[in-house]
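J.:
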Amino acid sequence: MSAPGKMEKGLAIVVLLLSTGAFLNLFLKHGKFTFESQAGLPFMQFIWSSLYLIVLVFLVKEARGFGGLLVRGWPFLLLLGICLLSIIWSEAKGLTARRSVALVATTFTGFYLALRYPFNEQLKLLAALSKICIVLSLIFGVLHLGTAVDSRSGPMFGLYIQGNSRGILSFLFDVLPIEFVFGRLYEPWYGIFTQRNTLGIMMAFAIFVFYLRSRSDPEEKWSAYLWASLSFLLLFLSGSLTGFLGLWAVMVGGVLLGNIRRHRRWARRILLATAVMAGVGVYYAAGHPASVTSFFDRDVTLTGRTTIWGASLLLGMNHPWIGHGFNAFWLGDEGPSSQIRKLAGWDVPSAHNGYLEIWLDLGLCGLAAFFLGLARYFGESIRYFLRGEGWEGFWPVLFLAFLILINLAQSALVSPNYFFWILYVVVCLRLSMANGEPTEELAG
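As numbered in my numbering, the sequence shown has no gaps in its residue numbers, which increase by one up to the final residue, 1139.
(1) Out of N954, L952, G895, which one is the CA nearest neighbour of L928?
(2) Taking its Cβ as the centre, do 16 or more other Cβ atoms sit within 10 Å of L774, making it buried, or is it exposed?
(3) Using the rule of at least 16 other Cβ atoms within 10 Å of the residue's Cβ for burial, across every protein chain shown, is F738 buried or exposed?
(4) Measure the alpha-carbon distance for R811 versus G1018 and round it to whole angstroms.
(5) Between which two residues does the alpha helix (DSSP H) harbouring N815 extend?
(6) If you draw a straight line from the alpha carbon of E1075 to that of S935, how long is it in whole angstroms?
(7) Quick one: residues in its chain with C-beta nearer than 7 Å to the C-beta of S714, no 5 flanking neighbours on either side, listed in chain order?
(8) What does the alpha-carbon distance come out to for the pair F658 and L930?
(9) Out of A1023, A1063, F1066, A1064, point me to the one whose CA is closest to A1046's CA.
(10) Terminal residues of the continuous alpha helix (DSSP H) containing S1106?
(11) Between which two residues does the alpha helix (DSSP H) containing T1001 stretch?
(12) Might you give, ordered along the chain, the residues of its own chain that have their beta carbon closer than 8 Å to the beta carbon of V709, omitting 5 neighbours on each side?
(13) Tell me which residue opens and which closes the alpha helix (DSSP H) that W743 is part of.
(14) Would L1093 and G948 qualify as a contact pair, given that the criterion is a beta-carbon distance under 9 Å?
(15) With DSSP run on the structure shown, which of helix, strand or coil describes E1029?
(16) Within 10 angstroms of the Cβ of M897, are there 16 or more other Cβ atoms? Answer buried if so, exposed if not.
(17) Return the chain-ordered ranges of every alpha helix (DSSP H) run that is complete within the segment 891 to 974 and spans a minimum of 4 residues.
(18) How long is the line joining the alpha carbons of T801 and G716, rounded to whole angstroms?
(19) Would a C-beta distance cut-off of 9 Å place E1052 and S1106 closer than the cut-off?
(20) Report the residue from F900, S924, K788, Q740 whose alpha carbon sits nearest the alpha carbon of L1095.
(21) Hey, D1056 and G1005 are a contact pair by Cβ (cut 8 Å); roughly how many whole angstroms apart?
(22) Applying the criterion that 16 or more other CB atoms from any shown protein chain within 10 Å of the CB defines a buried residue, is P770 buried or exposed?
(23) Assign G776 to one of two classes, buried (16 or more other C-beta atoms within 10 Å of its C-beta) or exposed (fewer than that).
(24) Could you say which of I1101, L1100, F1073, N1102 lies nearest to F1089 if we only look at CA atoms?
(25) Rounding to the nearest angstrom, what Cα-Cα distance links F730 and H1014 in this structure?
(26) Whole angstroms are fine: how far does the CA of G976 sit from the CA of L741?
(27) Can you find the residues in the same chain that come closer than 8 Å, C-beta to C-beta, to N859, ignoring five residues on each side of it along the sequence?
(28) Is it true that the CB of E915 sits closer than 9 Å to the CB of A822?
(29) Keeping to the same chain, check which residues put their C-beta closer than 8 Å to that of L723; ignore five residues upstream and five downstream.
(30) Is it buried or exposed for L966, if we count other Cβ within 10 angstroms and need 16 for buried?
(31) Taking the alpha-carbon positions, what's the R956 to F1080 distance?
(32) Does DSSP put W1090 in a helix, in a strand, or in coil?
(33) Restricting to Cα atoms, I'd like to know which of L706, Y978, R963 is closest to Y807.
(34) Which same chain residues, not among the five before or five after E1136, have their C-beta less than 7 Å away from its C-beta?
(35) Just to confirm, is the Cβ distance from L1098 to Y1119 under 9 Å?
(36) If you run the structure through DSSP and keep just helix, strand and coil, what is Y1079?
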């Protein structure tokens, strides 16, 4: 199988860039889209349809190994089957059908990219994508282009802080000359995205990618450090706690994995000590939620998320096993989401939790199918890491850990045209290829 050419790489960059939600903030007015969110943006629908057709052409052209990959990707096929079946019981059959077909196209785009890009090439591609996002986000921020759905201003603590908080972030503000540099008030940056959290998460992800690039390719070391620094600046300006926690988790995970690789004889003891410390941390957090949230300069409701989660759980119990149908729960002022909006007092767009979102849409059946695949591929990632494949071995397991964490506060996990869903498919399927027979045997 030949290496991807410039046209294929360009296609991959365009697909991944648009899947981040880039440039949609140009179609926002007063924090809301200028089109019906359920109907979508016709121009973008045309672009996505065209891109998926091009991907299909390349997939047919490079079909060798696709049959074997379908077998290895059975957890994804199972989940897609449940999404398509949910059309039957969905209260918004047209919407569920359209979004399910789009999810199928998105997933098979991941299949195609998994076939064409080994892990080292994935990191190169993602580094190029991150550079584009950084440059354009800086331009959008400086020129104040676009509109965010959560625009607000507040004290410049690097992260947005309300009230007279005295947590770790406030302490950093007192110690560092942040006020002198940025001024007392600021608006969190959102770059080319519709939300500051999206910018923060993407920049945390970019730092992760650049770090691995600096290790896997020493010639790119100082360039990667420079881009990582710019990524951190944008993460800081976004005010995204989710982004910071995601970055922290990757850093801790990287240190842990590095120690395991260097001291294989101590691997079990390192993992046991980590598990004990994590257990103690969870136990303390469960018993002292106010203290923990205050440490991160947040209130105990996590900016209203706990209210949304509680209401979503109650309404989701109406269809606990099969859900309301794919993308059929959050219908604005119609359907069950209208009750949550009334309770919360604002236009809640989602559950703000990726796993809760799957349950609301597809019930316990869909959630079980997702976690079945996640557990399988996470095990594959550990197996790949233990084989000692250089710094590339860190990439799959740390990416999956990052994905698991950020979706505790993000809703878009199993979503059509979504960056992290595409990347999840790509990484998982490439893991199956790397841990199984050679690609030539997959073609058999």
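Each residue gets a CB set at the ideal place from its N, CA and C atoms; glycine is no exception.
T.: In brief:
(1) G895
(2) buried
(3) exposed
(4) 35 Å
(5) 814 to 838
(6) 31 Å
(7) N1112, Y1113, F1114, I1117
(8) A query on residue 658 cannot be resolved here, the shown segment of the chain reaching from 696 to 1139 and no further.
(9) A1023
(10) Segment: none, S1106 is in no alpha helix (DSSP H) and carries neither H nor E.
(11) Looking at the DSSP string, the run of the alpha helix (DSSP H) that includes T1001 is 1000 to 1011.
(12) L746
(13) 737 to 756
(14) yes
(15) strand
(16) buried
(17) 891 to 911, 916 to 933, 936 to 957
(18) 14 Å
(19) yes
(20) Taking L1095 as reference, the option from F900, S924, K788, Q740 with the minimal CA-CA separation is F900.
(21) No, D1056 and G1005 are not in contact; Cβ-Cβ is about 18 Å, not under 8 Å.
(22) buried
(23) exposed
(24) F1073
(25) Reliability fails at F730, whose pLDDT of 47 lies under 50, so the model's placement of it is uncertain and no value is given.
(26) The residue asked about is misnamed: residue 741 is Phe in this sequence, not Leu. So the two alpha carbons sit approximately 48 Å from each other.
(27) With a pLDDT of 48 at N859, under the threshold of 50, the modelled position of that residue is not reliable, and the figure given next carries that caveat. If we look at N859 and ignore the five residues flanking it on each side, it has no Cβ neighbours.
(28) yes
(29) T729, G841, T842, A843, V844, T889
(30) It is exposed - the Cβ of L966 has fewer than 16 other Cβ atoms within 10 Å.
(31) 9 Å
(32) helix
(33) L706
(34) Only weak support is given to the placement of E1136: the predicted model assigns it a pLDDT of 41, under 50, and the value that follows is read from those uncertain coordinates. Nothing meets the Cβ criterion.
(35) yes
(36) helix
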